Amino acid sequence: MAADYRVRIQIRQSLENNYFNNANQPFAANIAFQVAFCYQIGFGVKSNDIQRRLWLERSLRKLDDLKIEKEAVRPVRWKSKIMRKLNGLVHIDLIHEYRVCGLNKLDEACNEYEREVSDMAREFGGLHFICLASMNNLASTFWNQGRSKEAEELLVQVMETRKRVLGQEHPDTLASMCDLASTFWNQGRSKEAEELLVQVMETRKRVLGQEHPETLTSMGNLASTFWNQGRSKEAEELEVQVMETLKRVLGQEHPSTLTSMGNLGSTYRNQGRSKEAEELEVQVMETRKRVLGQEHPDTLTSMGNLALTYMSQGRRKEAEELQIEAVNRLRTTLGDNHPTTVQAIADLASFGEGRAAP
Numbered sequence: 109m110a111a112d113y114r115v116r117i118q119i120r121q122s123l124e125n126n127y128f129n130n131a132n133q134p135f136a137a138n139i140a141f142q143v144a145f146c147y148q149i150g151f152g153v154k155s156n157d158i159q160r161r162l163w164l165e166r167s168l169r170k171l172d173d174l175k176i177e178k179e180a181v182r183p184v185r186w187k188s189k190i191m192r193k194l195n196g197l198v199h200i201d202l203i204h205e206y207r208v209c210g211l212n213k214l215d216e217a218c219n220e221y222e223r224e225v226s227d228m229a230r231e232f233g234g235l236h237f238i239c240l241a242s243m244n245n246l247a248s249t250f251w252n253q254g255r256s257k258e259a260e261e262l263l264v265q266v267m268e269t270r271k272r273v274l275g276q277e278h279p280d281t282l283a284s285m286c287d288l289a290s291t292f293w294n295q296g297r298s299k300e301a302e303e304l305l306v307q308v309m310e311t312r313k314r315v316l317g318q319e320h321p322e323t324l325t326s327m328g329n330l331a332s333t334f335w336n337q338g339r340s341k342e343a344e345e346l347e348v349q350v351m352e353t354l355k356r357v358l359g360q361e362h363p364s365t366l367t368s369m370g371n372l373g374s375t376y377r378n379q380g381r382s383k384e385a386e387e388l389e390v391q392v393m394e395t396r397k398r399v400l401g402q403e404h405p406d407t408l409t410s411m412g413n414l415a416l417t418y419m420s421q422g423r424r425k426e427a428e429e430l431q432i433e434a435v436n437r438l439r440t441t442l443g444d445n446h447p448t449t450v451q452a453i454a455d456l457a458s459f460g461e462g463r464a465a466p
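At position 240 of the sequence shown the residue is numbered 348 (this note's numbering), and the sequence of numbers has no breaks.
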C-alpha cells in the first residue's frame with residue numbers, strides 16, 4: 109500500500125545529473141523539460157515556480173508546453189491497464205525500512221507524503237489516481253506512526269472516492285476495501301474487517317472467477333480473519349480450498365502455492381494437529397530449498413515455521429537447531445535489524461523460555 113518517496117527523489121536527481129553531464133544539446137534540453145515538469149507537479153521535490161522557470165529556460169521550451177504536458181497526464185485513465193501498471197511500479201512498499209530506521213525516518217516520510225498529496229491535488233485534482241495513491245501512502249505512514257484513526261479516515265476517503273468514480277466492482281476499489289479491512293483487523297475490529305473481505309471475495313468470484321489469483325488472495329485474507337476470531341474450522345476450509353486450487357492452477361512449486369501450504373500448516377499447528385502441520389511444512393521447506401536456495405528469506409521462514417511445530421511436539425533440540433540455523437542465515441542475508449530477523453530471534457528466545465519453565 110505504501111510507496112518509498114525516495115524513488116521519486118532519485119528519479120528527479122538523476123534527471124538533473126544527466127542534464128549537466130550530457131553534451132548532446134537536444135537530449136539535454138529534453139531532460140531539462142522533464143525536470144521542469146517535476147518542479148511543476150511536485151514529483152520528487154516540492155513544487156517550485158522559480159526552479160520550474162529556470163529548467164524551462166534550459167529546455168528552450170515555453171510555459172504552454174508544460175501546460176500541454178500536464179493536460180496529457182490529467183485524464184483519469186482508470187480503465188487503462190498500462191496506466192495502472194505504471195502506477196503500481198512507482199508505488200513500492202518499503203515502509204518496514206522506516207520502522208527499522210526509527211521514528212525520525214517515519215516523520216520524514218510522512219512530511220514528504222503530505223507535501224505530495226497537497227501538490228498532486230492542486231495540479232490534478234483530488235480524484236486523480238496519482239493523488240489517491242499518494243493518500244494511500246500517507247495512510248500507511250500514519251498507521252506506522254500509531255496514528256490509526258487518521259489512517260482510517262484517509263483510507264475511507266480513498267475507498268469512497270473510487271466507489272463513486274470507478275464503481276463498486278473496479279479492481280482499485282476492491283484494493284481500497286482490502287486496505288481498509290487490514291486497518292480494521294489491526295485495530296481489533298475483526299467483524300468490520302470480515303464484512304469488507306466477504307464483500308471483496310464475493311465480488312471477485314463473480315467478476316474474475318473462482319480460480320483467479322486475486323479471488324484466492326481474498327479467500328486467504330478472510331481465512332486469516334476467521335482464525336483470529338477463533339473460527340479455526342472455517343479458516344481451515346478456506347485455506348484447503350485455496351491450496352488445492354493453487355496446486356491445480358499454478359502447480360505444486362509455485363510461490364503462491366507454497367505460501368498457502370505454509371498457512372495451512374500454521375493452522376494445523378494451532379489446532380494441535382502437529383503431525384499434519386509437520387508434513388506440510390517439511391514439504392514447503394524442502395521445495396523452497398531446491399527452488400529458491402538455502403539462503404532465501406522464504407526458505408528461512410519455512411525453517412522457522414517447522415521449528416515452531418517441532419517445539420509444539422516437544423522436540424526442543426531439533427527445534428532449536430533449526431531455528432539457530434535460520435537466525436544465523438537471516439542475519440547474513442537481511443541483517444540483525446530486519447523485522448524477519450528480529451521475529452526469528454524472538455522465537456528462538458521463546459524456545460529457551462520453554463526450557464526454563466517448570
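Beta carbons: idealized from backbone N, C-alpha and C, even for Gly. Just so we're clear, the structure is a prediction, and the values are computed from it rather than from any experiment.
Exercise. Whose C-alpha, out of Arg381, Thr409, Phe237, is nearest the C-alpha of Gln265?
Worked result: Taking the sequence shown and counting its residues from 1, the one referred to as residue 265 is at position 157. Residue Phe237 holds the alpha-carbon nearest to the alpha-carbon of Gln265 among Arg381, Thr409, Phe237.
Problem set entry | Secondary structure of Ser232, DSSP reduced to three states | Stepping through the sequence shown from its first residue, residue 232 is reached at position 124. Note that residue 232 corresponds to Phe in the displayed sequence, not to Ser. Reduced to three states, the DSSP call for Phe232 is helix.
Problem set entry | Whole-number beta carbon distance between Val390 and Leu416, since they are thought to touch under 8 Å | For the purposes of this step, residue 416 is taken as the residue at position 308 of the sequence shown. For the purposes of this step, residue 390 is taken as the residue at position 282 of the sequence shown. Not a contact, Cβ separation roughly 13 Å.
Problem set entry | Cut-off 6 Å between Cβ atoms - residues of its own chain near Ala137, not counting five sequence neighbours on either side | Position 29 of the sequence shown holds residue 137. Result list for Ala137: Ser167, Leu168, in chain order.
For this session: Please classify Glu387: does DSSP put it in a helix, a strand, or coil?
Result: Translated into positions along the sequence shown, residue 387 becomes position 279. Residue state, collapsed to three classes: helix.
Exercise. Cα separation between Glu268 and Ala217?
Worked result: Here residue 268 corresponds to residue number 160 of the sequence shown, with the count starting at 1. Here residue 217 corresponds to residue number 109 of the sequence shown, with the count starting at 1. Taken atom to atom, the span from the alpha-carbon of Glu268 to that of Ala217 is near 25 Å.
Exercise. Taking the Cβ atom as the reference point for each residue, do Leu123 and Gln142 lie within a distance shorter than 7 Å?
Worked result: On the sequence shown, position 15 is the one that residue 123 refers to. On the sequence shown, position 34 is the one that residue 142 refers to. Result yes, Cβ atoms of Leu123 and Gln142 sit closer than 7 Å.
Exercise. In three-state DSSP terms, what is Glu344?
Worked result: For the purposes of this step, residue 344 is identified with residue 236 of the sequence shown, where counting begins at 1. In this structure, Glu344 counts as helix in the three-state DSSP scheme.
Problem set entry | C-beta atoms of Arg297 and Thr281 nearer than 7 Å | Along the sequence shown, read from residue 1 onward, the residue named residue 297 stands at position 189. Along the sequence shown, read from residue 1 onward, the residue named residue 281 stands at position 173. No, they are not a contact pair.
Problem set entry | alpha helix (DSSP H) runs contained entirely in the region 377-451, provided each spans 4 or more residues | DSSP runs (the alpha helix (DSSP H)) wholly in the region 377-451: 382-400, 405-420, 424-441.
For this session: For my contact list, Ala289 and Ala301 are in at a C-beta cut-off of 8 Å; report their separation, rounded to the angstrom.
Result: In the sequence shown, counting from the first residue as 1, residue 289 sits at position 181. In the sequence shown, counting from the first residue as 1, residue 301 sits at position 193. Yes, Ala289 and Ala301 are in contact; Cβ-Cβ is about 4 Å, under 8 Å.
For this session: Keeping to the same chain, check which residues put their C-beta closer than 7 Å to that of Val308; ignore five residues upstream and five downstream.
Result: To locate residue 308, count along the sequence shown from 1; it is residue 200. Correct list, in chain order: Leu282, Met285, Cys286, Ser326.
For this session: Could you tell me the distance, in whole angstroms, from the CA atom of Glu387 to the CA atom of Asn371?
Result: Locating residue 387 in the sequence shown gives position 279, counting from the first residue. Locating residue 371 in the sequence shown gives position 263, counting from the first residue. Cα-Cα distance, rounded: 13 Å.
Exercise. Are the Cβ atoms of Ser382 and Ser420 separated by less than 7 Å?
Worked result: Within the sequence shown, numbered from 1, the residue matching residue 382 stands at position 274. Within the sequence shown, numbered from 1, the residue matching residue 420 stands at position 312. Their beta carbons are under 7 Å apart, which means Ser382 touches Ser420 by this criterion.
Problem set entry | Exposure of Glu165, with buried meaning 16 or more beta-carbon neighbours within 10 Å | By 1-based counting over the sequence shown, the position of residue 165 is 57. Glu165 should be labelled exposed.
Problem set entry | Leu366 versus Leu442 - alpha carbon distance | The count along the sequence shown starts at 1 and reaches residue 366 at position 258. The count along the sequence shown starts at 1 and reaches residue 442 at position 334. Whole-angstrom Cα-Cα distance: 21 Å.
Exercise. In three-state terms, what does DSSP make of Ser122?
Worked result: The residue labelled residue 122 in the question sits at position 14 within the sequence shown. Correct three-state label for Ser122: helix.
Exercise. The ligand FMN heavy atoms versus the CB of Leu456: any closer than 6 Å?
Worked result: This structure does not include the ligand FMN; it has no bound ligands of any sort.
Problem set entry | Complete alpha helix (DSSP H) runs within the region 286-316 (minimum length 4 residues, chain order) | 298-316
Exercise. Ends of the alpha helix (DSSP H) at Phe250?
Worked result: The residue you call residue 250 lines up with position 142 of the sequence shown. 237-252 is the span of the alpha helix (DSSP H), which, as asked, contains Phe250.
Exercise. How about Lys178 and Arg223: are their beta carbons less than 7 Å apart?
Worked result: Against the sequence shown, residue 178 aligns to sequence position 70. Against the sequence shown, residue 223 aligns to sequence position 115. The answer is no: Cβ separation not under 7 Å.
Exercise. Does the beta-carbon distance from Glu322 to Leu330 come in below 7 Å?
Worked result: As a working mapping, residue 322 is identified with position 214 in the sequence shown. As a working mapping, residue 330 is identified with position 222 in the sequence shown. It is not a contact, given that the beta carbons lie outside the stated cut-off.
For this session: Name the residue from Arg272, Phe145, His446, Thr440 whose alpha carbon lies nearest to the alpha carbon of Leu104.
Result: Nothing about residue 104 can be read from this structure; the chain reaches only from 109 to 466.
Problem set entry | Beta-carbon proximity list for Asp172, same chain, < 7 Å, skipping 5 on both sides | Translated into positions along the sequence shown, residue 172 becomes position 64. Excluding the 5 residues flanking it on each side, Asp172 has no same chain C-beta neighbour closer than 7 Å.
For this session: Note down, in chain order, each residue of its chain lying with its Cβ closer than 8 Å to the Cβ of Glu433, except the 5 sequence neighbours on either side.
Result: Stepping through the sequence shown from its first residue, residue 433 is reached at position 325. Answer for Glu433: Met411, listed in chain order.
For this session: For the alpha helix (DSSP H) holding Ala331, just list the boundary residues, first then last.
Result: Taking the sequence shown and counting its residues from 1, one reaches residue 331 at position 223. Where Ala331 is concerned, the enclosing alpha helix (DSSP H) stretches over 321-336.
Exercise. Secondary structure at Lys257, three-state DSSP: helix, strand or coil?
Worked result: In the sequence shown, the residue the question calls residue 257 occupies position 149. Looking at Lys257 - three-state DSSP - the assignment turns out to be helix.
Problem set entry | First and last residue of the uninterrupted alpha helix (DSSP H) at Asn138 | Within the sequence shown, residue 138 is the residue found at index 30, counting from 1. Asn138 -> alpha helix (DSSP H) spans 133-149.
Problem set entry | Beta-carbon contacts of Asn294 that lie in its chain and below 8 Å, excluding the five residues immediately before and after | Translated into positions along the sequence shown, residue 294 becomes position 186. The answer, listed in chain order, is Trp251, Ser256.
Exercise. Leu262 and Met243: beta carbons closer than 7 Å?
Worked result: Start at 1 with the first residue of the sequence shown, and residue 262 comes out as number 154. Start at 1 with the first residue of the sequence shown, and residue 243 comes out as number 135. In this structure, Met243 lies closer than 7 Å to Leu262 by Cβ.
Exercise. Which residues mark the beginning and the end of the alpha helix (DSSP H) in which Leu168 is found?
Worked result: Stepping through the sequence shown from its first residue, residue 168 is reached at position 60. Counting along the chain, Leu168 falls outside any alpha helix (DSSP H), and DSSP gives it neither H nor E.
Exercise. Within this structure, are the beta carbons of Leu430 and Ala452 separated by less than 7 Å?
Worked result: As a position in the sequence shown, residue 430 is number 322, starting the count at 1. As a position in the sequence shown, residue 452 is number 344, starting the count at 1. Contact: no.
Exercise. How about Leu358 and Ser368: are their beta carbons less than 7 Å apart?
Worked result: Start at 1 with the first residue of the sequence shown, and residue 358 comes out as number 250. Start at 1 with the first residue of the sequence shown, and residue 368 comes out as number 260. No.
Exercise. Cβ atoms of Arg396 and Thr407: under 7 Å apart, would you say?
Worked result: Translated into positions along the sequence shown, residue 407 becomes position 299. Translated into positions along the sequence shown, residue 396 becomes position 288. Yes.
Exercise. Closest to Tyr503 by CA distance: which of Leu235, Leu240, Gly233, Tyr418 is it?
Worked result: Outside the displayed span of the chain (109 to 466) sits residue 503, for which this structure offers no information.
Exercise. According to the Cβ coordinates, are Asn125 and Ile139 closer than 7 Å?
Worked result: Reading the sequence shown from its first residue, position 17 is the one you call residue 125. Reading the sequence shown from its first residue, position 31 is the one you call residue 139. Not in contact: Asn125 and Ile139 (Cβ atoms no closer than 7 Å).
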